[in-house]
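Chains A and B are the protein sequences, given in the same order.
Heads up, the first sequence is in the numbering used here, so the first residue is 20 and it goes up one at a time.
Heads up, the second sequence is in the numbering used here, so the first residue is 20 and it goes up one at a time.
Written out below as structure tokens is the structure these notes cover.
Protein chains: 2
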Amino acid sequence: MIKIPEKAELLNTHTRIKSFIHNTPVISSTLINNIVGANLYFKCENFQKMGAFKIRGATNAIMQLSENQQQRGVVTHSSGNFAQALALAAQSLGVKSFIVMPHTAPKVKKDAVIGYGGTIIECEPTLEARENTAKKVEKKEGATFIHPSNNMHVILGQGTACSELLEEQPDLDYIFTPVGGGGLIGGTALSAHYLADHCKVVGGEPFEADDAYRSLQSGVIESNLSTNTIADGLKTQLGDQNFPIIQQYVEKIIRVTELEIVDAMRLIWERLKIVAEPSSAVAFAALLKEKSAYQNKKIGIIISGGNVDLSKLPFTSL
Amino acid sequence: MIKIPEKAELLNTHTRIKSFIHNTPVISSTLINNIVGANLYFKCENFQKMGAFKIRGATNAIMQLSENQQQRGVVTHSSGNFAQALALAAQSLGVKSFIVMPHTAPKVKKDAVIGYGGTIIECEPTLEARENTAKKVEKKEGATFIHPSNNMHVILGQGTACSELLEEQPDLDYIFTPVGGGGLIGGTALSAHYLADHCKVVGGEPFEADDAYRSLQSGVIESNLSTNTIADGLKTQLGDQNFPIIQQYVEKIIRVTELEIVDAMRLIWERLKIVAEPSSAVAFAALLKEKSAYQNKKIGIIISGGNVDLSKLPFTSL
Chain A
20 MIKIPEKAEL LNTHTRIKSF IHNTPVISST LINNIVGANL YFKCENFQKM GAFKIRGATN
80 AIMQLSENQQ QRGVVTHSSG NFAQALALAA QSLGVKSFIV MPHTAPKVKK DAVIGYGGTI
140 IECEPTLEAR ENTAKKVEKK EGATFIHPSN NMHVILGQGT ACSELLEEQP DLDYIFTPVG
200 GGGLIGGTAL SAHYLADHCK VVGGEPFEAD DAYRSLQSGV IESNLSTNTI ADGLKTQLGD
260 QNFPIIQQYV EKIIRVTELE IVDAMRLIWE RLKIVAEPSS AVAFAALLKE KSAYQNKKIG
320 IIISGGNVDL SKLPFTSL
Chain B
20 MIKIPEKAEL LNTHTRIKSF IHNTPVISST LINNIVGANL YFKCENFQKM GAFKIRGATN
80 AIMQLSENQQ QRGVVTHSSG NFAQALALAA QSLGVKSFIV MPHTAPKVKK DAVIGYGGTI
140 IECEPTLEAR ENTAKKVEKK EGATFIHPSN NMHVILGQGT ACSELLEEQP DLDYIFTPVG
200 GGGLIGGTAL SAHYLADHCK VVGGEPFEAD DAYRSLQSGV IESNLSTNTI ADGLKTQLGD
260 QNFPIIQQYV EKIIRVTELE IVDAMRLIWE RLKIVAEPSS AVAFAALLKE KSAYQNKKIG
320 IIISGGNVDL SKLPFTSL
């Protein structure tokens with residue numbers, strides 16, 4: 020049985036990591052508000068350090084280690100934003116980081132990790148190889164494994180994006196976030212529960228990776244059999260640390276198609292003039308899909324990150 | 020002989036239009052600063068109303084008309100940002116606008132003008148047809164013609180982006196802007212001259228449309244024979260209203276290749292996480308090209324706009 024963190028733990032997390040992260044801007048667009056029929060506030064974590072919210076949780080998790088643990092370093096396996104997040108968070112805290120990545124990972128991602136001072140350990144591109152390699156590093160280096168989403172310190176850290184949004188817009192009716200491994204929506208749900216009066220949390224999830232939606236239906240953690248989605252940050256699996264929080268504090272999860280994700284992403288790029296990842300667009304796509312239920316509400320949307328490969332964009336001629 | 024506006028006219032312009040425009044954000048990136056070896060401050064006019072600085076000059080030009088003139092409306096010919104700018108500025112001031120556009124202009128641009136309440140008059144896609152059609156509208160409607168860049172009220176309006184930037188960063192050593200018709204760089208040069216202690220203005224211009232560079236060399240206004248550049252906002256021609264200002268107050272103009280423009284644009288998108296037009300990237304490309312001359316300086320860069328066709332981006336695999 021997981022113990023759901025208390026309000027003080029969330030508040031302490033924010034105080035702890037504040038000076039290591041950006042308080043990112045919140046932006047709005049009259050045109051988008053008119054399209055949706057509601058007042059939207061986009062929390063721009065694409066402007067966060069290393070380009071995504073993940074630095075929040077990574078920073079908190081490392082700071083919660085003992086001095087002895089910090090001296091031996093941290094390890095994770097990721098080919099996405101968490102790899103960069105853990106490397107950068109470790110660097111700014113003076114801690115060693117070991118990042119297990121499949122040897123097939125793009126050079127640009129490896130270069131980013133190296134640029135942030137991380138040590139890359141390559142492995143075969145399977146989940147089994149990743150986990151085994153990470154375990155070997157734990158043993159050999161004495162490093163502490165930090166999971167990208169299924170770790171309560173990570174979840175609390177990710178929740179601080181919502182805390183900042185609520186400081187700026189305290190009377191939100193809803194907050195929409197994308198759902199991947201469950202770290203962001205779990206932390207957001209805690210933050211909305213403890214820091215707002217009546218703010219409900221809604222998740223957006225691709226049909227192609229809808230483990231969280233199905234898990235809420237069945238009451239047990241379901242797996243993704245395939246993950247054929249453009250929202251590459253959302254292919255990961257829900258975990259036993261965040262699922263109970265989601266069950267208790269998330270209002271609902273709305274599933275969206277790949278076309279709906281690309282359309283929402285295009286609207287964000289064209290109207291907000293910001294570079295946002297496909298995963299970021301999933302929350303907005305969910306709201307667009309069911310907008311009739313949210314007329315005249317005040318709604319926050321977490322733009323989760325902005326690390327995209329510009330040579331592989333999904334926009335084609337209309 | 021053109022009379023160069025005095026400081027009071029610039030200050031009055033800003034006071035006049037302030038409530039009709041956004042004071043856009045200024046952003047920085049540690050990584051970009053490290054690449055350049057200087058401290059850069061990007062003034063983000065891509066977040067301006069209608070997505071570009073042009074609303075500033077359009078608003079000022081309309082507000083300077085007599086009541087009688089305002090009642091008869093305004094007319095311009097443009098298929099670019101100034102078409103939308105004049106339509107939106109006119110709408111928010113309760114004035115009619117007539118926008119002459121070639122019938123070949125993209126539907127998305129026509130729709131934007133209509134969305135802002137402008138009346139489109141179509142013509143053949145030649146400069147002669149545009150000018151003749153605009154003259155006919157002037158005569159028939161009694162509307163006042165507003166040139167997109169060669170109009171002193173427009174030039175003064177465009178200068179207010181630099182005024183805001185200097186309010187936030189008063190001790191800039193340089194400001195870089197793109198050079199198209201000369202409205203933005205002309206206004207910026209006036210603003211830097213009157214409002215800063217020692218701030219020099221540098222222009223970036225594509226080799227493929229280098230009329231301003233050649234005009235500064237020869238001392239007379241030169242024409243572009245061809246304008247084969249991705250920076251479609253910079254194909255326009257320098258004018259007799261802004262050239263004397265540029266001659267007197269612009270330090271130099273640096274020319275850049277198409278590849279340098281795309282590389283600079285990619286860096287802006289990847290690192291600043293913002294959507295900026297190719298024309299916007301030209302000023303930054305100029306600085307990147309000659310960065311050795313600007314080490315450790317404080318440099319402002321005007322990001323002129325963010326209206327791009329996402330289905331026609333220049334980024335390809337590296």
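Every residue gets a Cβ at the ideal spot worked out from N, C-alpha and C, and that includes glycine.
Any beta carbon of chain B sitting closer than 8 Å to that of residue i?
i, result
"Asn65(A)", "yes"
"Leu209(A)", "no"
Where does the unbroken beta strand (DSSP E) through residue i begin, and where does it stop?
i, result
"Lys308(A)", "Looking at the DSSP string, Lys308(A) is not in any beta strand (DSSP E); the run it does join, the alpha helix (DSSP H), is Pro297 to Lys308."
"Thr196(A)", "Tyr193 to Pro197"
"Asp281(A)", "It should be noted that the sequence gives Val, not Asp, for residue 281(A). That residue, Val281(A), is in no beta strand (DSSP E); its alpha helix (DSSP H) goes Glu277 to Leu286."
"Ile318(B)", "Lys317 to Ile322"
Pick helix, strand or coil for residue i, following the three-state DSSP scheme.
i, result
"Asn58(A)", "strand"
"Ser97(A)", "coil"
"Lys219(B)", "strand"
"Lys158(A)", "helix"
"Met120(B)", "strand"
"Glu141(B)", "strand"
"Lys331(B)", "helix"
"Ile36(A)", "helix"
"Glu28(B)", "helix"
"Lys271(B)", "strand"
"Ile240(B)", "coil"
"Thr114(A)", "What sits at residue 114(A) in the sequence shown is Val, not Thr. In the structure shown, Val114(A) sits in coil (DSSP, three-state: anything other than H, G, I, E or B)."
At the level of alpha carbons, what is the spacing between residue i and residue j?
i, j, result
"Ile322(B)", "Lys159(A)", "50 Å"
"Ala162(B)", "Val269(B)", "34 Å"
"Glu86(A)", "Lys115(A)", "12 Å"
"Cys218(B)", "Asp192(B)", "5 Å"
"Lys22(A)", "Asp259(A)", "11 Å"
"Tyr60(A)", "Ile46(A)", "6 Å"
"His166(B)", "Ala57(B)", "36 Å"
"Asn151(A)", "Leu286(A)", "41 Å"
"Gln103(A)", "Ser242(A)", "26 Å"
"Leu112(B)", "Arg75(B)", "13 Å"
"Met171(B)", "Ala80(B)", "8 Å"
"Leu329(A)", "Pro297(B)", "14 Å"
"Ala215(B)", "Ala295(B)", "26 Å"
"Asn52(B)", "Ile293(A)", "20 Å"
"Gln83(A)", "Leu105(A)", "14 Å"
"Leu244(B)", "Gly200(B)", "15 Å"
I want to see whether chain A comes within less than 8 Å of residue i, judged by CB atoms only; does it?
i, result
"Phe72(B)", "no"
"Thr123(B)", "no"
"Leu332(B)", "yes"
"Thr335(B)", "yes"
"Leu329(B)", "yes"
Quick check: is any heavy atom of the ligand NAD less than 7 Å from the C-beta of residue i?
i, result
"Asn170(B)", "The ligand content of the structure shown is nil, which means the ligand NAD is not present either."
For residue i, report the span of its alpha helix (DSSP H) as first-last.
i, result
"Pro167(A)", "That residue, Pro167(A), is in no alpha helix (DSSP H); it is neither H nor E in DSSP."
"Ser245(B)", "Taken as a continuous stretch (DSSP letters only), Ser245(B) belongs to no alpha helix (DSSP H), as it is neither H nor E."
"Ile265(A)", "Phe262 to Tyr268"
"Leu235(B)", "Asp230 to Ser237"
"Tyr213(B)", "Gly202 to Leu214"
"Val294(A)", "Taken as a continuous stretch (DSSP letters only), Val294(A) belongs to no alpha helix (DSSP H), as it is neither H nor E."
"Lys126(A)", "Lys126 to Gly134"
"Met20(B)", "Taken as a continuous stretch (DSSP letters only), Met20(B) belongs to no alpha helix (DSSP H), as it is neither H nor E."
"Asn87(A)", "Glu86 to Arg91"
Practice task
Output, in sequence order along the chain, the residues in the region 281-301 of chain A whose CB is closer than 7 Å to any CB in chain B.
Solution key: Cβ contacts with chain B come from Arg285, Trp288, Glu289, Lys292, Ile293 and Val294.
Practice task
Note down, in chain order, all residues in the region 307-325 of chain A with a beta-carbon under 7 Å from any beta-carbon belonging to chain B.
Solution key: Among the residues of the region 307-325 of chain A, those with a Cβ less than 7 Å away from any Cβ of chain B are Gly325, in the order of the chain.
Exercise for the section: Select from the region 100-116 of chain B all residues with a C-beta closer than 9 Å to any C-beta belonging to chain A, and list them in chain order. Expected result: Within the region 100-116 of chain B, no residue places its CB atom closer than 9 Å to a CB of chain A.
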